Structure formats: structure tokens, C-alpha cells
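In our numbering, the protein residues as written are 1 to 413.
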Amino acid sequence: MASQKKEQAYKAFASHVSSGKARFYRSIGMDFIMGRRKGPFLWDMDNEKQLFNLHCNGGVFNLGHSNPQILLALTQALENLDIGNGHLMSAHRAALAQQIASLTPGDLDCTVFGVSGGEAVDLAIKVARAYTGRPGIVSASGGYHGHTGLAMAAGDPKYREFFGPQPPGFVQVTFNDIAALEGAVNSNTAAVILETVPATLGMRVPSGDYLKGVRSLCDKNGSLLILDEVQTGLGRTGKLWGFEHFGVLPDIMVLAKGLSGGLYPISATVLRRDLEKVFEPDPFIHISTFGGAELGCVVAQKVLEISSQPAFLNHVNELAKKFAQGIGQLVGRHSILEGLNQLGLFMGLKFCNDSLGPLMSLAAYQNDLLMVYANNDKSVCQLLPPLIMELEQVDWVIDRLDKALAVAASFYS
Ligand SMILES: Cc1ncc(COP(=O)(O)O)c(C=O)c1O
1 MASQKKEQAY KAFASHVSSG KARFYRSIGM DFIMGRRKGP FLWDMDNEKQ
51 LFNLHCNGGV FNLGHSNPQI LLALTQALEN LDIGNGHLMS AHRAALAQQI
101 ASLTPGDLDC TVFGVSGGEA VDLAIKVARA YTGRPGIVSA SGGYHGHTGL
151 AMAAGDPKYR EFFGPQPPGF VQVTFNDIAA LEGAVNSNTA AVILETVPAT
201 LGMRVPSGDY LKGVRSLCDK NGSLLILDEV QTGLGRTGKL WGFEHFGVLP
251 DIMVLAKGLS GGLYPISATV LRRDLEKVFE PDPFIHISTF GGAELGCVVA
301 QKVLEISSQP AFLNHVNELA KKFAQGIGQL VGRHSILEGL NQLGLFMGLK
351 FCNDSLGPLM SLAAYQNDLL MVYANNDKSV CQLLPPLIME LEQVDWVIDR
401 LDKALAVAAS FYS
């Protein structure tokens, strides 16, 4: 029985935020309202239900909830800093951009900051168009780059057609199919934009040389390669940047989610040095009031400092190995589970049927795990544990997944 306080929150949410979401969650018995949160855990506001976070909002909580080091950096910064002023120069934006340049290969040297991933993708597309003087943007069917203007235009029709006319110049092709891309990229193409591993498409790790093939197609046609590392960046895959697994270098890299440390929203469009010259004629042609807020810069610097430590990345790889072993055993025990899509801790449980992603999300919830299916491939449940979880906790998670799989199988049959 929900407390009066929770019931009030539920009613206020239904009346003033989203009646549809409130109705939906109650109808499936998942009317969890976030209360206390710490490390890999979150609690219902009644404190009655505890969830282990295997979703992490796509990486927002890579470093856990209320990470003490990030919290300390933020609370100390609050004594002297605020949002700052995007019209003026900033020592904090400069320091963060310099740190990003030092941690990225090649000449990914200049950064424009934003608030959200969608905003950062929008800017990446604007820069590519301005630099090349071309309109065309090629992206992957089933890929996802956000719900803002140009980012949404690079995404799937189901998220945009409902909202009326869309901007021209966007083409989508099958991911991991170099021939399809060859047919779409030409002298009108400003850029190809891809998630290094598409999350909403079910963590489909591209095969062997696909991304190298994309890189050379871009080079051949004078088009730019934009890699969206909003989910794959910041250590999630066991390397600091996901693209490092594939021997390619983008012209533009987009970061968001985890850069916030879960505490202060900030995103980044990281540009090859010479692309920054598009702003030379008018450096005030793009602005974001809250983008690169100085408090956010302090947080993001701490996130990068933690995530780039070799010991931290080793830990991610150790966790990934342990998950691979544990889930391998679960594949043997549960016929509904076909396998694991995996690059480090960027993982997806692959089921034999499209209804199983949603069923498993519910079964996981009933077994105290927060896990969400991939929206553009519902046969996959995304599995994104916090990178700071302890090795010993993997066994507990696998045990809970085991139980949840049995429940999902019973729903299914
Ligand atoms: C790969 C990817 N790119 C971009 C975005 C958009 O980020 P935001 O929701 O912060 O606009 C997301 C959000 O889920 C994402 O997963």
C-alpha cells in the first residue's frame, strides 16, 4: 500500500506532468517514484523497494548515483561558481576543453559545449554542413541521436512524423551494411553520423572493418564522420572512447549523458581542430545559454579524471569478463535467452522474440533490477550496470537475472 505522500506525488505527476506515463506505469504494477539513491542503487520514495540500476539512463550514472568525488567537486564549486556566461570567455570551459583534447587521439582539439546530447548532435550537424557547404546527412536506420531538431531528423520516422514537416537532406541506411552506405554517400553528403555501437538498436556491435569502411567512404567523398559517443564514451566499453576498439578516428565526437556525473547536465561537441574555423567569420553565430555551465565544467573534469584512469578501465574490463561468464551460463539455462551483445559493459541481452525485451524489463523490476529494453529492437534488453559496481556484486546481479529470466519465460509461454 503506497503512503499518502507517494499517492500525492503520483496524483500530482498524473495531473501536471504526464497522465499517460502515470497510467501506464500503474497499469503494469511499476509505479516506482524515485526517492533515495546511492551508488548502484535507487529506492522508491516509500523506501519499500530497492532497485539495482542496470539502466543508468544510458550512462548518466556510469559513476553511480551521488558519486562522492563528483559530489565533493560540485559542492566545493558551488561556493564560488554558478552557470557563468556563455557570451564571455571562461577559464572553466577552457580547462575542460583542454582536458578533452589531451584525452582524445588525433586532432579532436576544440569543443563546443551544450546541455543535452540532442543539442550537441544538432551542433555537430550544423558544423558539418557549414564546413562542407553540403546539405546531406546519412545516418543509420534504428539509430538514435536525440529528440531535438536535426538530431531527430537523423533518427527514425516514428519519433518525428507525428510532429509535422521535417527538414530536408536526411537519409537513413541499414547499420553495419557498407554497400548500403556506399549507395547513400555522395558529393552532396556533409556527414555520416553513427553511434559507435547503436544502443536503441540493441547494442549491435559493428562487424570487423565496418567503421573503417565508413571512414574511408567519408574520406573518398569529402564527407565528415560524426561519431555519437553519448552512450559508448567515457569508459563504458572498457576503453575511454568506444571508437578506439575499431581503429578509426571521427572528425566530430559527441558526448553527453555520463559527462554530467549524474549531477549537472553538460554535453560536448568535440571538433577536429580545423573545423572550428567555421566560427571564425562570426564566433557568436551559435550560442547556448546553459551550455558549458561552469559548475558543469567542474563536474565533467572530475568525471574525465576518474574515467580515464587505467585502473578504472581495468575494473570495467574485469566486470565485463565476469558478466560475460555469468550470462554465458544463463544462456545455457534459459531457452528464451539467445546471447549477449557486448562491448565491455555496453551490453544487451538478446532474446528469441520481440515481446521478450518488454517482458524481461518487467520481470527484472519484480526482481529488484532496473533494466530497459531497446526501443528499436525489442528482442534486446539493454544491460548497462554502473561502471563503479563491485566485482562481488556481479554474482548477485546474475542470480537476480536468473530469477527474472524464469519469470519472463513464464509470462511468454
Ligand atoms: C546515442 C545517443 N545520442 C544522443 C542522445 C540524446 O541525448 P539527450 O537525451 O541528452 O538529448 C541519446 C539519448 O538517449 C543517445 O542515447
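Ideal placement from N, C-alpha and C gives every residue a C-beta, glycine not left out. Since we're looking at a predicted model, the values are computed, not measured.
At least one heavy atom of ligand 1 lies less than 7 Å from the C-beta of A256.
Positions of the beta strand (DSSP E) runs, each at least 3 residues long and wholly inside the segment 83-139, are given as 108-114 in order along the chain.
Linking T232 to W241 through their CA atoms gives a straight-line distance of about 7 Å. For G149, the uninterrupted alpha helix (DSSP H) segment begins and ends at G149 to A153. Per DSSP, reduced to three states, the secondary structure at Y144 is coil, with no helix or strand assignment. Secondary structure in the segment 329-406: the beta strand (DSSP E) runs of 3 residues or longer, each lying completely within the stretch, are 337-343, 346-351, 372-374 and 377-383 in chain order. G348 has its Cβ no nearer than 7 Å to any heavy atom of ligand 1. Contact annotation: the segment 302-322 does not touch the segment 138-151, with fewer than three C-beta pairs closer than 8 Å. Take the alpha-carbon of I193 and the one of A154: they are about 8 Å apart. For A191, DSSP records a beta bridge to I137 and L224. Taking all protein chains in view, the Cβ of F170 is crowded by 16 or more other Cβ atoms within 10 Å, so the residue is classified as buried. Per the DSSP secondary-structure output, R37 pairs in a beta bridge with L42. Our two residues, S18 and K378, have alpha carbons roughly 24 Å apart in a direct line.
For R23, no beta strand (DSSP E) run applies; the uninterrupted alpha helix (DSSP H) run containing it begins and ends at S19 to S27, by DSSP. Distances from the alpha-carbon of Y159 to those of N375, A94 and G58 put N375 closest.
The DSSP-derived three-state label of V299 is helix. One residue list follows from the rule of a beta carbon closer than 6 Å to any heavy atom of ligand 1, given in chain order as G58, S116, G117, G118, V121, Y144, H145, G146, E195, A199, D228, V230, Q231 and A256.
Counting of Cβ neighbours within 10 angstroms places G59 among the buried residues, the total reaching 16 or more. By DSSP's assignment, M253 forms a beta bridge with L227 and V270.
In this structure D251 does not touch I285 by the C-beta definition: roughly 20 Å separates them, more than the 8 Å allowed.
The C-alpha of N57 is placed about 29 Å away from the C-alpha of K212. Sequence-distant Cβ neighbours of H87 in its own chain, meaning closer than 6 Å and more than five residues away, do not exist here. By the beta-carbon neighbour count (other beta carbons within 10 angstroms, threshold 16), I28 is exposed. In this structure, K6 places its C-beta atom within 8 Å of the C-beta atom of M45. In this structure I336 touches A408 by the C-beta definition: roughly 6 Å separates them, less than 8 Å. A direct Cα-to-Cα measurement between E280 and G136 gives close to 23 Å. Residue state for V171 is assigned as strand, using DSSP reduced to three classes. Per DSSP, reduced to three states, the secondary structure at N53 is strand. Look at H65 here: in three-state DSSP terms it is strand. The distance from the Cβ of R37 to that of S66 is about 6 Å, consistent with a contact at the 8 Å cut-off. Rounded to whole angstroms, the gap between the alpha carbons of V254 and A120 is 6 Å. Look at L234 here: in three-state DSSP terms it is coil, with no helix or strand label. Per DSSP, reduced to three states, the secondary structure at A199 is coil, with no helix or strand assignment. Nearest Cα to S207 within the set S223, H334, S187 and D177: D177.
Here R204 carries a coil assignment [DSSP, helix/strand/coil].
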